[in-house]
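Trainee:
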Amino acid sequence: EYLEGGGLRQDGNVVVPSSCNLNVAHSIVTTGNWNICGSMTAKRGGLMSFDGNVIFSNSQTFFRKLKVKGNMEAQSGTLTINNEVQVSKTMSVKSGAAITCNHGTFHVGDLDVQGSMTFHGAVAAVDRDTTVAGTVSHSRTSSKSQTVDLRITGGLWVKSGGRIHANEMSNH
């Protein structure tokens, strides 16, 4: 299945099954919860705004702007955000899941990383606590604009097996 079009507004809960490709040209705004098992792409200036909780599983999902007023959980698969992410409550990256943030703003309430997160030039702010039992990294770079500026207001816990590192030496 393939759905392409302009904006979509949904009041209520939505499940995107694994057999579905959702290709959005402009925006999606929903007041309910989303469970995304299929693939989802937001082209151009696509804004994805969710007032409820969002679960990503077994998907390759690409966003320009992602705003979640509830909790966000990446259970498995790869999630790529190419500009801006805002999660008001907790962002969880479970073991087996990977999130890549490319150039932009990353702002969450709490961050729990059991899988992997990679930043390519971003300002990352966590309002409360960060727990790392997986890997948080940024790519090798010689340009300051490509590094990550990680600001954590609350506590930082790196648990057994957890790592925060640059994939290679950074000049900044």
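For the sequence shown, the numbering used here gives the first residue as 1365, with consecutive numbering after it.
Even glycine gets a Cβ: it sits at the ideal position worked out from N, Cα and C.
1) Identify every residue that forms a DSSP beta bridge with Cys1465.
2) The beta strand (DSSP E) that contains Asn1399, what's its start and end?
3) Would you kindly work out how many angstroms separate the C-alpha atoms of Phe1483 and Ile1400, rounded to a whole number?
4) Can you name the start and end residues of the beta strand (DSSP E) that Thr1517 belongs to?
5) If we count the other Cβ atoms within 10 Å of its Cβ and call it buried at 16 or more, is Thr1517 buried or exposed?
6) Rounded to the nearest angstrom, what separates Asn1435 and Ser1452 at their Cα positions?
7) Along the beta strand (DSSP E) that carries Ala1438, what are the first and last residues, could you check?
8) DSSP three-state label for Gly1473, please.
9) For a test of the three-state rule: what should DSSP assign to Arg1527, helix, strand or coil?
10) Can you give me the start and stop residues for the beta strand (DSSP E) that Thr1499 sits inside?
Mentor: The relevant details are as follows:
1) As a first step, residue 1465 is located in the sequence shown; it is residue number 101 there, counting from the start. Bridge partners of Cys1465: Ile1445 and Phe1483.
2) For the purposes of this step, residue 1399 is taken as the residue at position 35 of the sequence shown. Note, Asn1399: beta strand (DSSP E), Trp1398 to Ile1400.
3) On the sequence shown, residue 1483 is found 119 positions in, with the first residue counted as 1. On the sequence shown, residue 1400 is found 36 positions in, with the first residue counted as 1. Going by C-alpha positions, Phe1483 is about 23 Å away from Ile1400.
4) Taking the first residue of the sequence shown as position 1, residue 1517 is located at position 153. Per DSSP, Thr1517 lies in no beta strand (DSSP E) and is assigned neither H nor E.
5) Here residue 1517 refers to the residue found at position 153 when the sequence shown is read from its first residue. So Thr1517 ends up on the exposed side.
6) On the sequence shown, position 71 is the one that residue 1435 refers to. On the sequence shown, position 88 is the one that residue 1452 refers to. In this model, Asn1435 and Ser1452 are separated by some 7 Å (Cα to Cα).
7) Translated into the one-based positions of the sequence shown, residue 1438 becomes position 74. Looking at the DSSP string, the run of the beta strand (DSSP E) that includes Ala1438 is Met1436 to Ala1438.
8) Taking the first residue of the sequence shown as 1, we reach residue 1473 at position 109. In the three-state reduction of the DSSP assignment, Gly1473 falls in the strand class.
9) Against the sequence shown, residue 1527 aligns to sequence position 163. Residue state for Arg1527 is assigned as strand, using DSSP reduced to three classes.
10) Position 135 of the sequence shown, counted from the start, is the residue given in the question as residue 1499. Per DSSP, Thr1499 belongs to the beta strand (DSSP E) from Thr1499 to His1502.
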